[in-house]
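Numbering (my numbering), first residue to last: -7 to 260.
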């Protein structure tokens, strides 16, 4: 025999019974965002929000129960249909059928949210990387320019080289494949927080080469001092021994890239 649920008062009392059957820490509250008929919200002891609804008053014993997922996810909340025989029967169906669906849906929702967050982080890092590269080229003097970016990543250090010579109009001539690889590795260092660095060497007629760079550390892009870039170029990376500095090379502080690294147009 099913319960007669034709008024909100009767429905609320039935929802209270279902909540008691589900556990001592369950409670019910008003379902304020439902206008499809009788409804009540059950909050379980472990934080689940169950929407107990009567979608069709022509069938007052047919209930629909939705288990809510976190706000902002794009998955459909799991639900089951159940007959209002007794509160114990409804609670049993929630435990037997709805809880497993909700657990799986919540797991998938968490994975989807993590994936979306990672994708957004990657997009942000790539945009920042592109902007930094554009500003570096904008502030570098014209001539022959060679950039090297390295990022420490398991199982080996990633290195990208970019040649960005400027034409007589001052625009950078970039190889598409090199530029994408360079920007991607720089973005990886920014997004992951892995240690690394970026060094640029410029050469122009009748003047010493200029060498300067930045370090990558915990996602920050910090300029190297002239002493640091000198030490990096004059130290053997394998043995740690000092090596003589090159002649006609100016180890210098990098130019100010400004507060924002906004992309600009460069020829590829």
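Think of the CB as a built atom: it goes at the ideal place given N, C-alpha and C, for glycine as much as any other residue. Since the model is a prediction, treat every value here as computed from it, not as a measurement.
Three-state class that DSSP yields for residue i in the structure shown
i: residue 66; result: coil
i: residue 116; result: helix
i: residue 125; result: helix
i: residue 86; result: helix
i: residue 106; result: helix
i: residue 253; result: Residue placement at residue 253 is flagged as unreliable, the pLDDT there being 45, under the threshold of 50; the coordinate-derived value follows with that caveat. The answer is coil: DSSP assigns residue 253 none of H, G, I, E or B.
i: residue -2; result: coil
i: residue 146; result: coil
i: residue 19; result: strand
i: residue 40; result: coil
i: residue 80; result: helix
Cα-Cα separation, residue i to residue j
i: residue 117; j: residue 147; result: 22 Å
i: residue 190; j: residue 153; result: 10 Å
i: residue 155; j: residue 196; result: 14 Å
i: residue 257; j: residue 124; result: Only weak support is given to the placement of residue 257: the predicted model assigns it a pLDDT of 39, under 50, and the value that follows is read from those uncertain coordinates. Cα-Cα distance, rounded: 13 Å.
i: residue 242; j: residue 140; result: 17 Å
i: residue 223; j: residue 217; result: 10 Å
i: residue 71; j: residue 57; result: 5 Å
i: residue 47; j: residue 61; result: 20 Å
i: residue 210; j: residue 184; result: 8 Å
i: residue 144; j: residue 233; result: 22 Å
i: residue 112; j: residue 106; result: 10 Å
Cβ neighbour criterion (16 or more within 10 Å) applied to residue i
i: residue 259; result: With a pLDDT of 40 at residue 259, under the threshold of 50, the modelled position of that residue is not reliable, and no figure is offered here.
i: residue 21; result: exposed
i: residue -5; result: buried
i: residue 14; result: buried
i: residue 168; result: exposed
i: residue 237; result: exposed
i: residue 104; result: exposed
i: residue 219; result: exposed
i: residue 120; result: buried
Given residue i as reference, the closest of the options once Cα atoms are compared
i: residue 187; options: 106, 178, 8; result: 178
i: residue 246; options: 240, 235, 221; result: 221
i: residue 17; options: 28, 40, -2, 142; result: 40
i: residue 133; options: 204, 119, 105; result: 204
i: residue 74; options: 45, 175, 93; result: 45
Inside the stretch 163 to 251 only - beta strand (DSSP E) runs reaching at least 3 residues: 188 to 195, 201 to 209, 212 to 215, 241 to 243
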